[in-house]
Amino acid sequence: MKKKLHYGWIILAVSFIGVLAAQGLRYSFGAFMHPWEVEFSASRGMVSAISFISFTVFAVSQPIIGKFINQFGVKRIFVVSIILLGVTTLLSFYATAIWQLFLLYGIISSLGFGGASGVTASLAVTKWFHTKQGLALGLVEAGFGAGQMVVVSSSLFFIEKLGWRITDLILGGILLLFIFPILAIFLKSDPTDIGMQPFGQDNNPTEQLVDKIEKTNLPFDKKSYLKHRGFWFLIVPYFICGFTTTGLMDTHLIPFSQTCGFSVAVTGTAVSLLAAFNTGGTVIAGFLADKLNNRKMLAIIYFVRGLTIFFLLLFMLNSTWMGYFLNHPSLLFVFSITFGLVDFSVVAPTIKLLASYFQGPSLGIVTGFLYMSHQLGSAIGSYLPGYLFDVSGGYTISFTIAASVLLLASVLSIYLPKTEIKK
439 MKKKLHYGWI ILAVSFIGVL AAQGLRYSFG AFMHPWEVEF SASRGMVSAI
489 SFISFTVFAV SQPIIGKFIN QFGVKRIFVV SIILLGVTTL LSFYATAIWQ
539 LFLLYGIISS LGFGGASGVT ASLAVTKWFH TKQGLALGLV EAGFGAGQMV
589 VVSSSLFFIE KLGWRITDLI LGGILLLFIF PILAIFLKSD PTDIGMQPFG
639 QDNNPTEQLV DKIEKTNLPF DKKSYLKHRG FWFLIVPYFI CGFTTTGLMD
689 THLIPFSQTC GFSVAVTGTA VSLLAAFNTG GTVIAGFLAD KLNNRKMLAI
739 IYFVRGLTIF FLLLFMLNST WMGYFLNHPS LLFVFSITFG LVDFSVVAPT
789 IKLLASYFQG PSLGIVTGFL YMSHQLGSAI GSYLPGYLFD VSGGYTISFT
839 IAASVLLLAS VLSIYLPKTE IKK
């Protein structure tokens with residue numbers, strides 16, 4: 439008799455789609471930067487400030503979202519967030535002044551981004567998967583890369599052909615007409631909601647009851663996790679991760695490419711390559727997180743990411759390479775591939791380590807703080823390069839800072855606590 443597909447895989451697929459749509463929209467910000475600069479006669483620093491506010495609101499919302507998920511469940515938070523994103527994206531069509539984008543995108547939409555984020559998706563996966571958590575986390579987090587590949591590339595195309603306002607109508611309509619119904623129908627907050635157990639869970643009811651009692655009775659003490667070295671040595675590198683990925687590269691790669699004089703086609707190809715290899719790298723890292731030392735994985739990933747930015751910096755500083763770079767998009771493509779492989783690949787090993795250090799009521803809130811640190815890093819990483827661009831006329835200083843702090847993240851990862859819960 440053929441074994442029935444466990445519903446956890448349906449949850450994984452639905453969460454993937456939700457993350458793809460919501461976070462793909464967020465990553466599309468870079469595609470809208472130049473059109474907004476032209477439309478509203480704004481500087482790059484001013485437009486970057488919208489992203490800064492967005493990431494800050496996103497960051498502050500993460501611990502709150504984690505707490506709300508504990509109270510109301512994944513489904514309600516995810517569905518309401520998608521509705522909020524769809525409505526605010528449609529309303530952006532009517533924006534006539536830059537302050538309205540600060541309000542709609544910078545504040546209101548960011549609450550939706552926060553609710554349809556990695557916190558929600560990762561908590562959904564950890565509830566539905568007792569085994570193969572690393573692989574499941576890698577697959578659902580691949581939705582971020584897929585969102586880059588599909589939504590950002592589509593946004594670039596539609597903005598060039600139809601303008602940014604019509605593009606907002608298209609994106610908002612997709613969220614409300616397609617993504618919202620899928621999540622509302624298929625997403626379930628907990629396996630017990632439909633009388634199931636997590637994937638790979640032993641069906642021994644006595645063992646399940648003991649496991650549930652042990653986890654729900656674990657005390658939640660703020661002082662305990664603030665004193666835990668694992669908390670800080672995951673938080674700080676994840677802050678740096680946000681600064682260098684969603685902050686710097688995901689926000690400024692498109693305007694950087696345009697500054698270099700590349701066409702929309704070349705820029706779109708670079709973004710698609712980064713997204714495609716980001717997706718692949720995230721899935722592979724999730725698979726490896728179940729088999730390898732997660733601390734060493736993080737140290738290597740952060741180091742290699744810094745190395746890719748360092749080599750890009752060398753190309754920019756050397757006049758010979760600079761001339762070659764500006765006339766040969768192949769170097770931009772090479773960077774997109776290498777950076778993509780180590781972009782979101784830190785997520786699975788980070789979440790696995792976090793889940794080994796904290797369980798019970800603390801996990802949701804601590805996960806929220808983890809993602810808050812990432813988004814605070816993203817906020818600074820999105821605004822500071824825009825400001826420095828206005829001051830210096832380029833991205834050299836920003837890339838130098840990014841490569842340097844990634845080395846720090848690599849070192850901190852090596853010194854993470856070794857104690858993990860055995861499988």
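By the numbering used here, the letter at position 305 of the sequence shown is numbered 743, and the numbering carries on one by one without gaps. Every residue gets a Cβ at the ideal spot worked out from N, C-alpha and C, and that includes glycine. Being a predicted model, the structure only gives us computed values, none of them experimental.
Option nearest residue i by Cα separation, candidates the options
{"i": "Asn732", "options": "Cys698, Ile678, Gly668, Val589", "result": "Gly668"}
{"i": "Val498", "options": "Phe777, Pro855, Val849, Tyr809", "result": "Tyr809"}
{"i": "Gln500", "options": "Leu561, Leu745, Asp606", "result": "Leu561"}
{"i": "Lys856", "options": "Gln461, Ser820, Leu826, Lys734", "result": "Lys734"}
{"i": "Phe493", "options": "Leu686, Ser701, Gly706, Val563", "result": "Leu686"}
{"i": "Val590", "options": "Phe478, Leu711, Ile503, Pro636", "result": "Leu711"}
{"i": "Gly633", "options": "Trp566, Leu600, Ile623, Leu613", "result": "Trp566"}
{"i": "Ser768", "options": "Ala535, Cys698, Val804, Phe837", "result": "Cys698"}
{"i": "Gly468", "options": "His690, Glu598, Val804", "result": "His690"}
{"i": "Thr707", "options": "Ser592, Leu542, Phe478", "result": "Ser592"}
{"i": "Leu845", "options": "Leu542, Leu745, Phe490", "result": "Leu745"}
{"i": "Pro629", "options": "Ile835, Phe837, Ile818, His444", "result": "His444"}
{"i": "Arg743", "options": "Trp474, Leu779, Trp537, Ile818", "result": "Leu779"}
{"i": "Ala574", "options": "Leu730, Trp447, Gly824", "result": "Trp447"}
{"i": "Gly583", "options": "Gly806, Ile818, Tyr795, Phe782", "result": "Phe782"}
{"i": "Asp480", "options": "Tyr833, Ile835, Gly832, Gly824", "result": "A quick correction: the sequence has Ala, not Asp, at residue 480. Considering only alpha carbons, the answer is Gly824."}
{"i": "Leu542", "options": "Leu600, Tyr795, Ser489", "result": "Ser489"}
{"i": "Thr834", "options": "Leu752, Gln538, Ile818", "result": "Leu752"}
{"i": "Leu672", "options": "Ile818, Arg482, Ile491, Val784", "result": "Val784"}
Residues bridged to residue i [DSSP beta-bridge criterion]
{"i": "Phe637", "result": "Phe567"}
7 angstroms CB neighbourhood of residue i in its chain, flanking five on each side removed
{"i": "Ile617", "result": "Ile455, Gly456, Ala459, Ile520"}
{"i": "Tyr391", "result": "Residue coverage of the chain in this structure runs from 439 to 861, which leaves residue 391 outside it and unanswerable."}
{"i": "His472", "result": "Pro693, Gln696"}
{"i": "Arg603", "result": "Phe531"}
{"i": "Ala392", "result": "Look at the range of the chain in this structure, 439 to 861, and you will see that residue 392 is not part of it."}
{"i": "Leu577", "result": "Leu450, Phe454, Val721, Gly724"}
{"i": "Thr758", "result": "Confidence at Thr758 is low in this model, with a pLDDT of 47, below 50, so the placement of that residue should be treated as unreliable; the coordinate-derived value is given next. For Thr758, where only same-chain residues beyond five positions count, there are no Cβ hits under 7 angstroms."}
{"i": "Thr564", "result": "Gln571, Ala793"}
{"i": "Val863", "result": "In the structure displayed, the chain extends from 439 to 861; residue 863 sits before or after that span and is not available."}
{"i": "Val588", "result": "Leu458, Gly462"}
{"i": "Leu750", "result": "Phe773, Phe837"}
{"i": "Phe516", "result": "Gly456, Gly553, Ala554, Thr558, Leu621, Leu625"}
{"i": "Lys442", "result": "none"}
{"i": "Leu647", "result": "With a pLDDT of only 37 at Leu647, under the threshold of 50, the placement of this residue in the model should not be trusted, and no figure is reported."}
{"i": "Leu613", "result": "Ala459, Ile520, Leu523, Gly524, Thr527"}
Contact set for residue i: own chain, Cβ-Cβ below 6 angstroms, skip 5 residues either direction
{"i": "Ser848", "result": "Ala737, Tyr740, Phe741"}
{"i": "Gln586", "result": "Tyr465, Ala713"}
{"i": "Asp606", "result": "Thr527, Ser530, Phe531"}
{"i": "Ser816", "result": "Phe493, Gly680, Thr684, Gly685"}
{"i": "Gln639", "result": "His568"}
{"i": "Ala610", "result": "Residue 610 is actually Gly in this sequence, not Ala. Excluding sequence neighbours, Gly610 sits near Gly524, Thr527, Leu528."}
{"i": "Lys513", "result": "Leu625, Ser627"}
{"i": "Glu475", "result": "Val485"}
{"i": "Phe478", "result": "Ile536"}
{"i": "Ala559", "result": "Ser453, Val457, Val578"}
{"i": "Leu770", "result": "Ala708"}
{"i": "Lys790", "result": "Gly572, Ala727, Asn732"}
{"i": "Asp688", "result": "Tyr465"}
{"i": "Gly511", "result": "Ser627"}
{"i": "Ala533", "result": "Leu539"}
{"i": "Val704", "result": "Pro767"}
Close Cβ partners of residue i (< 8 angstroms) along its chain, the five nearest in sequence each way excluded
{"i": "Asn495", "result": "Inspection of the sequence shows that residue 495 is occupied by Val rather than by Asn. Hits under 8 angstroms: Gly544, Ile545, Ser548, Leu549, Gly552."}
{"i": "Val452", "result": "Ile620, Leu621, Phe624, Leu625"}
{"i": "Glu645", "result": "Reliability fails at Glu645, whose pLDDT of 44 lies under 50, so the model's placement of it is uncertain and the value that follows must be treated cautiously. Same-chain partners within the cutoff: there are none."}
{"i": "Ile678", "result": "Tyr740, Gly815, Val843, Leu844, Leu846, Ala847"}
{"i": "Ile747", "result": "Thr682, Phe777, Phe837, Ala840, Ala841, Leu844"}
{"i": "Gly863", "result": "In the structure as shown, the chain starts at 439 and stops at 861, and residue 863 therefore has no counterpart that could be examined."}
{"i": "Phe700", "result": "Ala708, Pro767, Leu770"}
{"i": "Gly806", "result": "Gln500, Pro501, Ile502, Ile503, Gly504, Lys505, Val557"}
{"i": "Lys860", "result": "Note that Lys860 has pLDDT 38, beneath the 50 cutoff, so the model's placement of it is unreliable and no number is given."}
beta-carbon residue i near the ligand SAH non-hydrogen atom, thresh 7 angstroms
{"i": "Ser783", "result": "No copy of the ligand SAH appears in this structure; indeed no ligand is present at all."}
Query - Cβ contact (3+ pairs, closer than 8 angstroms) linking the segment 843 to 858 and the segment 701 to 721 - result: At 8 angstroms Cβ cutoff, the stretches do not touch.
Query raised in the report: Can you list, in chain order, the stretches of the alpha helix (DSSP H) that have 4 or more residues and sit fully within the segment 527 to 577?
Result: If only complete runs of 4 or more residues are kept, the segment 527 to 577 shows the alpha helix (DSSP H) at 536 to 539, 548 to 553, 556 to 566, in order along the chain.
Query raised in the report: Would the segment 508 to 526 and the segment 613 to 629 be scored as touching if the rule is three or more Cβ pairs under 8 angstroms?
Result: Yes, the segment 508 to 526 touches the segment 613 to 629.
**Report entry** Continuous alpha helix (DSSP H) assignments of at least 4 residues falling wholly in the segment 482 to 527
**Finding:** The segment 482 to 527 contains these whole alpha helix (DSSP H) runs: 482 to 510.
Query raised in the report: Below 8 angstroms, can you find three or more Cβ-Cβ pairs linking the segment 823 to 840 to the segment 501 to 508?
Result: Contact fails: fewer than three Cβ-Cβ distances are below 8 angstroms.
**Report entry** Whole alpha helix (DSSP H) elements within the segment 702 to 757, 4-residue minimum
**Finding:** You should have 702 to 727, 732 to 755.
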